[in-house]
Amino acid sequence: MNIIFLGAPGAGKGTHAQRLMHKMNIPQISTGDMLRAAIKAETELGLSAKRYIDAGELVPDEVVIGIVEERLAQEDCKNGYILDGFPRTVAQAEALKGFATIDVALNLSLPDEMIIRRLSGRRVCLKCGGTYHISSLNGREDCEACGDKLVQRKDDTPETVQNRLNVYNAQTAPLIDYYEKEGLLKTVECLGTVDENQAAVEKALNL
Ligand code: AP5
Ligand code: MG
Numbered sequence: 101m102n103i104i105f106l107g108a109p110g111a112g113k114g115t116h117a118q119r120l121m122h123k124m125n126i127p128q129i130s131t132g133d134m135l136r137a138a139i140k141a142e143t144e145l146g147l148s149a150k151r152y153i154d155a156g157e158l159v160p161d162e163v164v165i166g167i168v169e170e171r172l173a174q175e176d177c178k179n180g181y182i183l184d185g186f187p188r189t190v191a192q193a194e195a196l197k198g199f200a201t202i203d204v205a206l207n208l209s210l211p212d213e214m215i216i217r218r219l220s221g222r223r224v225c226l227k228c229g230g231t232y233h234i235s236s237l238n239g240r241e242d243c244e245a246c247g248d249k250l251v252q253r254k255d256d257t258p259e260t261v262q263n264r265l266n267v268y269n270a271q272t273a274p275l276i277d278y279y280e281k282e283g284l285l286k287t288v289e290c291l292g293t294v295d296e297n298q299a300a301v302e303k304a305l306n307l
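So for the sequence shown, my numbering puts the first residue at 101; every next one is plus one.
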């Protein structure tokens, strides 16, 4: 199954995509994680993407479209994948049609005030993409999955989060209508615990 995870920053795309990846044995393709890995490795892509990400702006369409097209051509995507954070503009969705067939676009929905709470307490592993919230870490500072040190994302400051929400509303939210019209949209209200929301995600996917 080829799945898109839509949703505002902090909606839980990464959290649920990771769990689904293990359950379905298909890769999670997070453009945010790929771009952060490029920044860490100081590649040309990373250097050009850094200023957009740190400011909470979108990286230019042609850059992300190129990396996703290349990634989907790899062997491990043959049996399906979860796109986490792509597409984020109508232009990206149109380009995706040229190199992928999507089965479902899952929209993770929740109110803005919950988003701010979630993002301000988030800790991430830049090595394996593990995502945690300080409320459940009990003081732990390393990743449960790979042992790497957990860090706070640079774009999780209150001002940048607000800008990311504005950018989401202006540029990404129109994709909800777009995929509705394509007949691919399913919406999951993500107001519960991670386990409750995961169950709702799996139900929406008929798993
Ligand atoms: P990206 O990394 O995709 O960030 P985002 O869309 O802002 O989404 P987040 O990763 O912040 O949130 P999430 O939905 O994954 O939530 P999570 O599961 O972590 O993109 C970053 C940047 O890269 C962009 O701003 C842009 O610059 C660039 N970029 C990426 N893709 C691009 C594209 N296609 N085009 C152009 N530019 C692009 O959960 C959040 C927190 O909540 C965690 O701490 C988690 O533990 C916690 N949590 C989750 N669920 C629950 C729950 N039920 N209860 C309590 N806590 C919970
Ligand atoms: Mg994420």
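Positions of the beta carbon are idealized from the N, C-alpha and C atoms, including for glycine.
The beta carbons of Ala138 and Ala149 sit closer together than 8 Å. Distance from the CA of Gln128 to the CA of Ile202, rounded to the nearest whole angstrom, comes to 14 Å.
For Ser130, the uninterrupted beta strand (DSSP E) segment begins and ends at 128-130.
Separation of the CB atoms of Leu145 and Asn207 is rounded to 28 Å, and the pair is thereby denied contact status at 8 Å. In terms of CA proximity to Gly221, Arg253 leads the group Leu284, Arg253, Lys227, Ala200. In this structure, Val224 lies away from Leu183, with their beta-carbon atoms at least 8 Å apart. Taking 7 Å as the cut-off, one finds at least one heavy atom of ligand 1 near enough to the beta carbon of Cys290. With contacts defined as CB atoms closer than 8 Å, Lys113 and Gly185 qualify as a contacting pair. Secondary structure note for Asn263: it is in no beta strand (DSSP E), and the uninterrupted alpha helix (DSSP H) holding it is 258-267. Distances taken from the Cβ of Arg171 to the heavy atoms of ligand 1 include none shorter than 7 Å.
With respect to the C-alpha of Ala155, the residue from Val288, Thr272, Gln262, Glu296 having the closest C-alpha is Gln262. When DSSP states are grouped into helix, strand and coil, Gly247 belongs to the coil group. In this structure, Pro258 is the residue among Gln118, Pro258, Met121 with its C-alpha nearest to the C-alpha of Met214. With respect to the 8 Å criterion, Leu219 and Gly110 are classified as neighbours on the basis of their beta carbons.
Remark: the C-beta of Ser130 is in contact range of ligand 2, defined as less than 7 Å to any heavy atom. Taking the Cα of Val168 as reference, the smallest distance to any Cα among Ser130, Cys246, Glu175, Tyr152 is reached at Ser130. In the DSSP assignment, Gly180 falls outside any beta strand (DSSP E), carrying neither H nor E.
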